[in-house]
Amino acid sequence: MRGSILEKYGLTHLNVTHVSQQFWCERQVELSLECPREDTAATLAGQEIHKEYLLELMRETEVATLTADDAAYVLLLNIRNGLEQLMSEGITRELYVFGRAAGFPIAGIIDELSLKDGHVVILDHKTRLRPTLPPPPSVKPTEIQVMLYRKLLEDVRNGDYTYEDFIADTGLKEGGAISDELRGQLGSEGMAVEDGSVARLAREVFEQFTSLPQLSDFLIVRYIHQERGDHIGDKAILYDSRFLTHKLAHAGQFWEGQRKAARAGFREKWKCNYCEYKESLCMARPGAESAP
């Protein structure tokens with residue numbers, strides 16, 4: 001049954017990292033849905049570095065949301081502010097993007113967008129314990145990740161993913177409006193709220209997306225030392241739409257329930273040394289396919 005994997009785990013949409021991590025180990029992705037991971041020291045360190053980069057450019061505002069309309073409004077408001085910052089200052093960070101891939105609704109957060117030579121450049125930050133760039137086999141999931149970011153951004157920019165698609169995928173209602181509580185919180189933060197209409201704000205955001213300049217085909221991955229915060233180096237990845245389409249078709253077969261999760265192949269068993277499931281759930285539940 002189409003979509004059965006999402007339904008099985010109670011997901012309304014995929015995250016970009018769900019798909020990109022399939023190209024590290026699909027079985028690990030499946031197990032992380034069954035038994036969610038606890039944040040490790042490495043994960044927390046990476047989150048802290050991302051937050052520091054965000055606060056370099058903007059003030060963090062925290063508000064409480066009471067309804068689905070509240071949550072959607074705050075999300076769209078952050079996107080609008082980020083796009084305005086990109087066009088006025090030439091850079092923004094932590095921009096939420098959404099669309100469809102592999103036949104499913106999908107969303108993700110782009111670490112950084114900047115304007116360079118009239119093009120929008122996508123940049124993703126990765127943290128590493130070692131002060132060296134990663135070997136090629138470790139970069140494959142990151143390639144998929146940044147290419148998928150570009151696809152989502154391009155689709156909404158070109159009108160291939162529309163306001164109507166967004167409403168259908170999120171289940172929001174055209175007449176939805178924010179609560180009085182959220183209106184008061186935003187007002188206390190100095191943010192003017194007009195009618196509080198989610199639909200109006202969503203249409204405004206989609207208009208902003210369509211007015212973006214051309215997207216660069218060169219996607220930048222910046223590696224940062226996890227402990228010191230030093231810049232290790234950058235890797236440029238050339239966007240390849242045909243390559244991405246092929247990979248997404250394969251990834252989608254898993255989410256559609258057409259095949260079992262693939263494990264790391266024989267030559268990639270070294271990946272298991274970095275997996276928290278290797279001694280328990282993965283080995284205790286044989287039968288998954290090997291990666292092609």
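Each residue of the sequence shown is one higher than the one before, starting from 1 at the first, in full-length UniProt numbering.
Where is the CB? At the ideal position from N, CA and C, for every residue including glycine.
Nothing here was measured: the structure is a model prediction, and the numbers come from that model.
Exposure of residue i, with buried meaning 16 or more beta-carbon neighbours within 10 Å
i: G287; result: Caution is warranted here: a pLDDT of 46 is assigned to G287, below 50, making its placement in the model unreliable, and the coordinate value is therefore given only provisionally. Counting Cβ neighbours within 10 Å, G287 comes out exposed, since fewer than 16 surround it.
i: H246; result: exposed
i: E30; result: buried
i: D240; result: exposed
i: R242; result: exposed
i: G3; result: Low local confidence applies: a pLDDT of 49 at G3 is under 50, so the model's placement there is unreliable, with the coordinate-based value given in what follows. So G3 counts as exposed.
i: F104; result: buried
i: A72; result: buried
i: L148; result: buried
i: Y9; result: exposed
i: H231; result: exposed
i: A249; result: exposed
i: D180; result: exposed
i: L129; result: exposed
i: S188; result: exposed
i: A291; result: The pLDDT assigned to A291 is 47, lower than 50, so where the model puts this residue is not dependable, and the model offers no usable value.
i: T12; result: exposed
i: E143; result: buried
i: Y274; result: exposed
i: R37; result: exposed
i: S216; result: buried
Residues that DSSP places opposite residue i in a beta bridge
i: G196; result: Bridge partners of G196: none, in fact.
i: T92; result: L113
i: R242; result: Paired residues: none, contrary to the question.
i: I106; result: L14 and G99
i: R222; result: H125 and D234
i: V120; result: L115 and L215
i: A177; result: S197
C-beta atoms of residue i and residue j nearer than 7 Å
i: W24; j: P141; result: yes
i: R214; j: L83; result: For clarity, residue 214 is Gln in the given sequence; the question names Arg instead. No, the pair does not count as a contact, with Cβ atoms beyond the cut-off.
i: E26; j: A261; result: yes
i: L212; j: V120; result: yes
i: L76; j: V193; result: no
i: L152; j: V97; result: yes
i: I224; j: L123; result: no
i: H125; j: R222; result: yes
i: T127; j: Q226; result: yes
i: D70; j: I178; result: yes
Inter-residue CB distance, residue i and residue j (contact presumed, cutoff 8 Å)
i: K235; j: L133; result: 7 Å
i: E252; j: A102; result: It is Gly, not Glu, that sits at residue 252 in the sequence shown. Correct: roughly 3 Å between the Cβ atoms.
i: Y277; j: Q28; result: 6 Å
i: L66; j: L95; result: With 8 Å as the limit, L66 and L95 do not qualify as a contact, their Cβ atoms being about 25 Å apart.
i: A202; j: F166; result: 6 Å
i: G196; j: R183; result: 6 Å
Nearest candidate by alpha-carbon position, reference residue i, set the options
i: I110; options: M191, S32 and L86; result: L86
i: T210; options: E227, Y274 and D155; result: D155
i: G265; options: E34, G118 and P137; result: P137
i: R228; options: D117, P131 and E38; result: P131
i: D117; options: Y163, F218 and D69; result: F218
i: R100; options: T162, N81 and T92; result: T162
i: S280; options: C35, I5, G233 and N15; result: C35
i: S88; options: V16, L115 and E256; result: L115
i: L172; options: A68, T17 and R157; result: A68
i: V16; options: L244, D160 and G90; result: L244
i: L186; options: E7, V139, E164 and N78; result: N78
i: L14; options: T170, V139, E164 and I91; result: T170
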